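Peer 1:
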Amino acid sequence: MKISRLLTPFAALFLSLSLTACENSLPEVSYPQLRFNHLPAIKLDVAKIEILEKYQSPLQDPNVEHKLPLAPAMAMRNWAKDRLRAAGTNGIARFIIIDASVKAEALTKKKSLKAAFT
Numbered sequence: 615m616k617i618s619r620l621l622t623p624f625a626a627l628f629l630s631l632s633l634t635a636c637e638n639s640l641p642e643v644s645y646p647q648l649r650f651n652h653l654p655a656i657k658l659d660v661a662k663i664e665i666l667e668k669y670q671s672p673l674q675d676p677n678v679e680h681k682l683p684l685a686p687a688m689a690m691r692n693w694a695k696d697r698l699r700a701a702g703t704n705g706i707a708r709f710i711i712i713d714a715s716v717k718a719e720a721l722t723k724k725k726s727l728k729a730a731f732t
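Start counting the sequence shown at 615; every next residue gets the next number (the working numbering).
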């Protein structure tokens, strides 16, 4: 009876440690925002600036822009918001994002000894 009473806390400790060892969570990664506020503004002789996004990601291979921490379209949008300034009294300037794709491409593998070190 005494042995089972002594083993119970150790068994519980062993079980809890082994279960926590199986936890497979990846650390959460946060990236800084890509901004362009530190650069001088580009003044345009227009009353208004419109930012339009015509690109629609297919969300499937070979396109991988949706898997990136910052999609190229968002980087372009940030650039236009941070840099372009309307400095005129009439007219409209349009910043149109036509293509913001990123495509994955398999690299050829070289099997030489030199390739192992480059």
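Idealized CB from N, CA, C, for every residue including glycine.
In this text the structure is predicted, and so the values were computed from the model without any measurement.
Who pairs with Arg691 in a beta bridge, going by DSSP?
Peer 2: Answer is none; Arg691 lacks a bridge partner.
Peer 1: Rounding to the nearest angstrom, what Cα-Cα distance links Arg691 and Leu673 in this structure?
Peer 2: So the two alpha carbons sit approximately 19 Å from each other.
Peer 1: Can you list, in chain order, the residues of its chain whose CB lies under 7 Å from that of Arg649, leaving out five sequence neighbours each side?
Peer 2: These residues qualify, in order along the chain: Asn692, Asp696.
Peer 1: Less than 8 Å between the CB atoms is what I'm expecting for Tyr669 and Ala714, so what's the real figure, rounded?
Peer 2: About 5 Å; that satisfies the 8 Å criterion.
Peer 1: Identify the residues that DSSP records as bridge partners of Arg708: which are they?
Peer 2: DSSP lists Glu664 as partners of Arg708.
Peer 1: Ala700 by DSSP, collapsed to three states: which one?
Peer 2: Looking at Ala700 - three-state DSSP - the assignment turns out to be strand.
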